[in-house]
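Residue numbers (the working numbering): 77 to 437. By construction, the Cβ of each residue, glycine as well, lies at the ideal position given by its N, Cα and C atoms.
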Ligand SMILES: NC(=O)c1ccc[n+]([C@@H]2O[C@H](COP(=O)([O-])OP(=O)(O)OC[C@H]3O[C@@H](n4cnc5c(N)ncnc54)[C@H](O)[C@@H]3O)[C@@H](O)[C@H]2O)c1
């Protein structure tokens with residue numbers, strides 16, 4: 077399958093590795109800065125016949141890829157994705173799929189109209205630990221779900237935010253909830269039944285005057301099924317990326333996933349437990365080199381199967397929209413100082429411009 081990548085920055089090696097591991101024919105790489113596309117081609121020793129572009133529209137016309145991945149600044153995802161879809165391409169969109177609900181809806185509408193597949197790049201859903209939790213949940217082993225919690229205790233310094241102009245801006249990125257925490261927020265919402273009825277949020281910018289958006293956020297979620305969710309996200313953790321955890325509390329079971337990016341099983345306790353459970357606790361986990369984990373390869377494999385079998389991808393565009401909606405609802409609640417009912421009306425990250433004042437240049 078003919079594949080092209082748009083955006084050759086930090087996360088791009090995960091995409092190229094996933095494309096190669098899945099036997100895709102890489103036909104083009106595109107970045108506004110041509111040298112980044114060139115460096116990526118060299119790093120992976122791709123054929124010189126892999127074409128390099130600075131204009132993705134020209135790339136779509138000249139190369140006609142069947143699958144593209146969009147790994148550009150978050151605020152550009154929707155526009156680029158819709159153009160790819162309208163060129164008849166299937167698309168993997170890095171998280172967050174968009175920065176406004178209107179843009180997410182444009183993607184979903186175009187996907188339906190053109191009959192292509194779109195997957196939101198929430199690769200942690202494929203972590204072995206996360207898959208174990210999902211299986212236990214689907215088997216009903218938690219009994220009645222009571223609540224779920226997630227903590228994202230990472231660290232990003234001024235150097236990270238100053239490494240690219242889009243980082244931490246309302247128009248192109250959002251803050252830590254939208255960027256770093258959205259994976260865990262996706263997992264929490266997915267595990268707890270997807271349907272959120274109410275959100276209470278608090279956000280702050282405590283240590284990063286160089287950015288517009290938040291570096292810390294707290295939220296409470298109420299789910300339609302009667303359960304609750306708790307979210308804590310920070311890039312102010314002293315000493316580096318400590319952990320990203322997800323804990324589910326049920327009437328008949330409790331499981332906690334930990335590690336730096338929900339890649340380990342820390343607690344696994346069920347009323348109907350047997351010897352396979354001690355195996356899960358002892359051996360189920362991965363040790364990725366960074367917090368991006370190993371999930372891109374599986375997400376690509378699923379996308380290829382979805383295209384070939386004409387079924388929905390495992391992580392749909394609607395799932396990407398739900399994660400986005402949750403973050404925007406937290407922003408809305410935090411800005412207004414009151415609970416927010418879902419579904420959320422139209423809302424965009426740019427609605428929160430000025431919330432923490434002008435950034436220090
Ligand atoms: N899934 C994950 O775990 C994960 C990890 C990191 C980043 N991301 C997401 O991936 C995206 C990129 O993040 P990054 O850290 O790689 O950023 P980056 O700044 O390192 O790279 C982004 C690249 O996109 C290019 N670009 C921007 N607009 C473009 C356009 N119109 N056409 C072509 N190229 C364009 C930029 O020149 C830049 O090289 C973000 O949306 C981010 O949230 C996801």
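Secondary structure remark: continuous beta strand (DSSP E) runs of at least 3 residues inside the stretch 344-370: none found.
Pairwise C-beta distances place the stretch 178-191 in contact with the stretch 145-163, as three or more of them are shorter than 8 Å. Taken from the Cβ of residue 138, every heavy atom of ligand 1 lies 7 Å or farther away. Under DSSP, residue 106 takes part in a beta bridge, and its partners are 82 and 129.
If only uninterrupted beta strand (DSSP E) runs of at least 3 residues are considered, those enclosed by the stretch 212-281 are 221-229 and 272-280. Proximity to residue 260 across 244, 213, 367 and 289 peaks at 367, based on C-alpha coordinates. Rounded to the nearest angstrom, the gap between the Cα atoms of residue 163 and residue 139 is 11 Å.
With the rule of 3 Cβ pairs closer than 8 Å, the stretch 200-207 does not count as touching the stretch 236-256. Looking at the DSSP output, residue 304 bridges to 223 and 298. Judged by DSSP in its simplified three-state form, residue 197 adopts strand.
A straight-line Cα-Cα distance of about 8 Å links residue 402 and residue 275. Within its own chain, the residues whose Cβ lies closer than 6 Å to the Cβ of residue 179, once the five positions on either side in sequence are excluded, are 154, listed in chain order. Nearest Cα to residue 378 within the set 94, 84 and 309: 94.
Collapsing the DSSP output to three states places residue 312 in a strand. Just measuring C-alpha positions, the residue of 324, 354 and 106 sitting nearest residue 267 is 324. A heavy atom of ligand 1 is found nearer than 7 Å to the CB of residue 132.
Residue side-chain check: residue 250 keeps its Cβ at 7 Å or more from all non-hydrogen atoms of ligand 1. The shortest CA-to-CA distance from residue 411 to any of 100, 393, 281 and 213 is the one to 281. Separation of residue 436 and residue 285 (C-alpha to C-alpha, rounded to the nearest whole angstrom) is 6 Å. Shown here, residue 152 sits in a helix according to DSSP, grouped into three states. Rounded to the nearest whole angstrom, the C-alpha separation of residue 431 and residue 226 is 25 Å. Residue range 329-334 is occupied by the beta strand (DSSP E) that includes residue 330.
Secondary structure note for residue 144: its beta strand (DSSP E) is the uninterrupted segment 143-146. Selection 429, 434, 425 and 433 evaluated against residue 172 yields 425 as nearest (Cα-Cα). For residue 401, the uninterrupted alpha helix (DSSP H) run begins and ends at 393-412, by DSSP. Around the Cβ of residue 232, a 10 Å sphere holds 16 or more other Cβ atoms; the residue is buried. In this structure, residue 299 lies near residue 269, with their beta-carbon atoms less than 8 Å apart. Less than 8 Å divides the Cβ of residue 142 from the Cβ of residue 78. Cβ-Cβ separation between residue 416 and residue 408: approximately 5 Å, consistent with a contact (criterion under 8 Å).
For residue 168, the enclosing beta strand (DSSP E) covers residues 166-170. With contacts defined as CB atoms closer than 8 Å, residue 105 and residue 84 qualify as a contacting pair. Annotation for residue 85 indicates a beta carbon within 7 Å of some heavy atom of ligand 1. Distance from the C-beta of residue 111 to the nearest heavy atom of ligand 1 is not below 7 Å. From the listed residues 86, 262 and 206, the smallest Cα separation to residue 397 is found for 262. Nearest in C-alpha terms to residue 193, of all of 289, 414, 383 and 434, is 383. In this structure, residue 107 has its beta carbon less than 7 Å from a heavy atom of ligand 1.
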